[in-house]
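Visitor: Counting along the sequence shown from 1, when you hit position 71 you're at 1530 in this note's numbering, and nothing is skipped either side. All residues carry an ideal CB built from backbone N, CA and C; glycine is no exception. Everything numeric in this text was worked out from a predicted model, so none of it was measured. Starting off with a structure, shown below.
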Amino acid sequence: MQIRVRLYFERKMVMEDVESVHYLYEAGIFFAILGIVWYLRRPLSFHVLQRIYAWNINRSKSYSNVIWEENVRVFQLLNEYKQTINKNLTILDVGSGPAEYMAFFPDKTKLVCLDPNLHFAGYIKENMKKYENVVETDIVQGYAENMPFESERFDAAFLSLVLCVVEDVRKSLEEVMRVLKPGGKLVFLQHVTFEDKRLLAYVLQRAWVPFARMFYGCHATRDTVKSIRNAGFSDIHMQYIYPKATAYSLRKCVIGVATK
Ligand SMILES: C[S@@+](CC[C@H](N)C(=O)[O-])C[C@H]1O[C@@H](n2cnc3c(N)ncnc32)[C@H](O)[C@@H]1O
C-alpha cells in the first residue's frame, strides 16, 4: 500500500513537471511573438502608412490636372531647351510620387524618379504605359537631401510639391544644383507662403504648422522662390497661381523654370 501511494505521488509529480514545462514553453512562444511584434512595430506601421500615403497621393492626382494650361506653358520652356541643346533630355523627378507629370515631359525623355517611398513604383509603371513620350524610367529610392547620383548627370530636374515636405530645403536645392548639368533647368511647382498678414489663409497656414507632421510633413509657410534664388539659380521664369480646386490655405502656388 505504501509503495502504491509513493508510486502514485511520484507519477503525479512527473505529470506536473511535464505540464509546467508545457506552460513555460507556451509562455516562451507567446513572449517571443510579442517581442518580435514590438521590435518590428515601427517598420510595420511605417510600411503600412507609406502604402496608404502612396495610394492617396496617386488617387488625388496632385496638381497635374487642376492647372493644366500653366503646366503646358512651363513644360514648353523645357521643350525649347531640348531644341536648343538638340538632344533628348534626361530628367530627374525629385519626390516623384506616382510621376503624374509624365504627360508633360518632352518626347523621348529618359526619366529618373527619386522618392523615399517605393510604394509608388507600381503607379509609376502604370503611368509609363500611358505616356509614350517617356522612353525609359528608372525608379530610385532616396532623399532629395542626399541624392545617389553623380554630379552633372541631368539636363533638368522637376520638383513638384516636394520642397514643402523635405526636411532640409537648402540641402535639397544644393543637391539639385550639383546633379544638374551647367545650364540645366529646374522646373518647379509648389504651394508657397501667403505674405499678407490680413488674410485668413495666412493665419490658417501658421495654424497648420504644428500639425505638419500629421499631414505628410507638409510645411505650408515656406518661401520657395527665395530658397531657389538663394541656392544660386538664375533666369527664373515663374508665375503665381491660385487654383480653386485646392485647399484654401495651400492655394497660393508658384510654377516656373530656373537655370543652373
Ligand atoms: C506631396 S507628394 C508630391 C508627389 C509628386 N511630386 C506630385 O506632385 O504629385 C511629396 C512626395 O515627396 C516625397 N518625399 C518626402 N520626403 C522626401 C525627401 N526628403 N526627398 C525626396 N522626396 C521626398 C514623398 O514620398 C512624396 O512622394
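Check A1558 in the structure and name its three-state DSSP category.
Guide: Residue mapping note: residue 1558 aligns to position 99 of the sequence shown, counting from 1. Three-state result, A1558: coil.
Visitor: To the nearest angstrom, report how far apart F1617 and T1596 are at their CA atoms.
Guide: Locating residue 1617 in the sequence shown gives position 158, counting from the first residue. Locating residue 1596 in the sequence shown gives position 137, counting from the first residue. Looking at the two C-alpha atoms, the distance is approximately 14 Å.
Visitor: With 16 as the cutoff for other CB atoms within 10 Å, does D1574 come out buried or exposed?
Guide: If you number the sequence shown from 1, residue 1574 lands on position 115. That one is buried.
Visitor: For I1583, which residues of its own chain have a beta-carbon under 8 Å away from its beta-carbon, when the five flanking residues on both sides are left out?
Guide: Working through the sequence shown from its first residue, we reach residue 1583 at position 124. Answer for I1583: S1555, P1557, A1558, C1572, T1596, I1598, listed in chain order.
Visitor: Which residues does DSSP pair with Q1698 in a beta bridge?
Guide: Taking the sequence shown and counting its residues from 1, one reaches residue 1698 at position 239. Its beta-bridge partners are I1714.
Visitor: Assign T1543 to buried or exposed, taking buried as 16 or more other Cβ atoms, counted over all protein chains shown, within 10 Å of its Cβ.
Guide: Locating residue 1543 in the sequence shown gives position 84, counting from the first residue. It is exposed - the Cβ of T1543 has fewer than 16 other Cβ atoms within 10 Å.
Visitor: Please go through the same chain and pick out, in chain order, the residues whose beta-carbon is closer than 7 Å to the beta-carbon of P1607, but skip the five residues on each side of it.
Guide: Position 148 of the sequence shown, counted from the start, is the residue given in the question as residue 1607. Counting only Cβ-Cβ distances below 7 Å, and skipping sequence neighbours, we find V1599, G1601.
Visitor: My output table needs one value for K1567: the three-state DSSP class, helix, strand or coil.
Guide: The residue labelled residue 1567 in the question sits at position 108 within the sequence shown. Residue state, collapsed to three classes: coil.
Visitor: Pairs of beta-carbons, one from the region 1652–1665 and one from the region 1623–1634, closer than 8 Å: are there three or more?
Guide: Segments in contact, no.
Visitor: If we call anything under 7 Å between Cβ atoms a contact, is Y1707 one with A1671?
Guide: As a position in the sequence shown, residue 1707 is number 248, starting the count at 1. As a position in the sequence shown, residue 1671 is number 212, starting the count at 1. Going by C-beta atoms, Y1707 is not nearer than 7 Å to A1671.
Visitor: Have a look at F1564 and F1534 and give me their C-alpha separation to the nearest angstrom.
Guide: Working through the sequence shown from its first residue, we reach residue 1564 at position 105. Working through the sequence shown from its first residue, we reach residue 1534 at position 75. If you take the alpha carbons of F1564 and F1534, they lie about 7 Å apart.
Visitor: In chain order, what are the residues with a CB under 5 Å from some non-hydrogen atom of ligand 1?
Guide: Residues flagged by the Cβ proximity filter: S1521, G1554, G1556, E1559, D1574, N1576, Y1602, A1603, S1619, L1620, V1621, V1624, V1625.
Visitor: So, at 8 Å on beta carbons, what are the nonlocal neighbours of A1690 in its own chain, with the 5 sequence-adjacent residues on each side left out?
Guide: For the purposes of this step, residue 1690 is taken as residue 231 along the sequence shown, with counting starting at 1. Taken in chain order, the residues that qualify are R1629, L1632, E1633, V1635, M1636.
Visitor: Less than 7 Å between the beta carbons of I1550 and L1570, yes or no?
Guide: In the sequence shown, the residue the question calls residue 1550 occupies position 91. In the sequence shown, the residue the question calls residue 1570 occupies position 111. It is a contact, given that the beta carbons lie within the stated cut-off.
Visitor: Is DSSP giving K1541 helix, strand or coil here?
Guide: Locating residue 1541 in the sequence shown gives position 82, where the first residue counts as 1. K1541 falls in the helix class under three-state DSSP.
Visitor: Would I1679 and Q1698 qualify as a contact pair, given that the criterion is a beta-carbon distance under 7 Å?
Guide: Within the sequence shown, the letter at position 220 stands for residue 1679. Within the sequence shown, the letter at position 239 stands for residue 1698. Checking the sequence shown, residue 1679 turns out to be Ala, not Ile. No, Cβ-Cβ distance for A1679 and Q1698 is not below 7 Å.
Visitor: CA-CA distance, Y1590 and A1513?
Guide: Along the sequence shown, read from residue 1 onward, the residue named residue 1590 stands at position 131. Along the sequence shown, read from residue 1 onward, the residue named residue 1513 stands at position 54. Straight-line Cα distance between these residues: approximately 20 Å.
Visitor: To which residues of the same chain is K1644 closer than 8 Å at the C-beta, ignoring the five residues directly before and after it?
Guide: Numbered from its first residue, the sequence shown carries residue 1644 at position 185. So the qualifying residues of the chain are L1536, L1537, Y1540, D1614, A1615, A1616, V1716, A1717, T1718, K1719.
Visitor: Would you tell me roughly how many angstroms separate the C-alpha atoms of I1714 and N1605, rounded to the nearest one?
Guide: Here residue 1714 refers to the residue found at position 255 when the sequence shown is read from its first residue. Here residue 1605 refers to the residue found at position 146 when the sequence shown is read from its first residue. Each residue's alpha carbon lies about 24 Å from the other.
Visitor: In chain order, what residues of the same chain lie with their CB nearer than 6 Å to the CB of G1676, ignoring the 5 residues before and after it?
Guide: Sequence index remark: in the sequence shown, residue 1676 carries index 217 (1-based). Contacts found: V1624.
Visitor: CA-CA distance, T1705 and K1520?
Guide: Counting from one through the sequence shown, the residue named residue 1705 turns up at place 246. Counting from one through the sequence shown, the residue named residue 1520 turns up at place 61. Those two C-alpha atoms are separated by around 12 Å.
Visitor: Can you give the Cα-Cα distance for D1552 and N1576, rounded to whole angstroms?
Guide: In the sequence shown, counting from the first residue as 1, residue 1552 sits at position 93. In the sequence shown, counting from the first residue as 1, residue 1576 sits at position 117. Their backbone Cα atoms lie some 13 Å apart in a straight line.
Visitor: Is the beta carbon of M1561 closer than 7 Å to that of V1593?
Guide: For the purposes of this step, residue 1593 is taken as the residue at position 134 of the sequence shown. For the purposes of this step, residue 1561 is taken as the residue at position 102 of the sequence shown. For V1593 and M1561, yes; Cβs fall inside 7 Å.
Visitor: Does the beta-carbon distance from P1669 to I1526 come in below 7 Å?
Guide: Your numbering for residue 1669 matches position 210 in the sequence shown. Your numbering for residue 1526 matches position 67 in the sequence shown. Going by C-beta atoms, P1669 is not nearer than 7 Å to I1526.
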